[in-house]
Every structure is written in structure tokens, then in C-alpha cells.
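Numbering (my numbering), first residue to last: 52 to 177.
Inspection log for the structure reproduced underneath, given as C-alpha cells.
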Amino acid sequence: SEFPEGFDTMVGERGVTLSGGQKQRVCIARSLIKEPKALVLDDCLSAVDTHTEERILRGLREYMHSRTSIIISHRISTVKDADEIIVLDDGAIVEHGSHDALVASGGLYHELYEKQLLEEELAGKN
52 SEFPEGFDTM
62 VGERGVTLSG
72 GQKQRVCIAR
82 SLIKEPKALV
92 LDDCLSAVDT
102 HTEERILRGL
112 REYMHSRTSI
122 IISHRISTVK
132 DADEIIVLDD
142 GAIVEHGSHD
152 ALVASGGLYH
162 ELYEKQLLEE
172 ELAGKN
């Protein structure tokens, strides 16, 4: 909806006229057009705001239903609805489970979750 000519909008070589978030959304759209059975998204929503992230993730959940998706992210909000979350620390798996189980465990995921909640609260007050 942001491109005045839809799919025919010229964005310049290598998307130089696009913002970081727009580039990420275009990359996701390009990968979905191929109707993959599996999709790997590596920090694909880092440049979008949380409202846009929620909309994209809702659409991805619907689209990827009965398909495999691996989402790599530093944001808890990006992975919290995943069937299985794997937590890495210095390249090693240190925890895995659902969001609720990992928050309840009090481990690294819990620490990251609490830190990100606090950051969101502080950002909301400014």
C-alpha cells in the first residue's frame, strides 16, 4: 500500500530508495511469492516498528500454516508465538521450549524477556 504503482513501482537499483523496514518487507514478500514449503527468516523484522511487526507476523502465521518456518530474532515479540523456541548463548543451545515454559524457567530467555519488557515500558513513557 506504500508503493504508488503497486508491484510496478520502481525502487531503484538494490532498493536504494527504500527504508530498512521497506527492504525487509519486500524481501519477505519476494520469498513468499515462491510458495516455499520451508522458510528461514533471519532477523527479518529488526527495522520495523512493533505494530508493523505484529501485522507481518499475523500474516506469516496464516500463510505458513502447515509449513515449516524458522525465525531467528533477538526480539522476544517476534518469537513468542512459535511452537518451539531455541535459545542460543555464544553459539550453544542453552534452553528450548514454549514462550510460557521458558519465561517460567527463570533462565536466559526469562532474563531477555524481562529486559525487553522494561525497555518497552521506558520507551512508552518517553
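Don't be surprised by glycine CBs; every beta carbon is placed ideally from N, CA and C.
On a predicted model such as this, the values are computed, not experimentally measured, just so you know.
Checking 8 Å against the spacing of the C-beta atoms, do C95 and I121 come in under that value?
no
List in chain order: all unbroken alpha helix (DSSP H) runs of 4+ residues lying wholly within the segment 73-138.
101-114 and 127-130
Inter-stretch contact at 8 Å, needing at least 3 Cβ pairs: the segment 106-120 / the segment 137-156:
no
Reducing DSSP to helix, strand and coil, say where E146 ends up.
strand
Consider the Cβ of V145: report whether some Cβ of chain B lies at a distance smaller than 8 Å.
The chain labelled as chain B is not found in the depicted structure, where only one protein chain is given.
Relative to the C-alpha of R106, which residue among R76, A174 and V91 is closest?
R76
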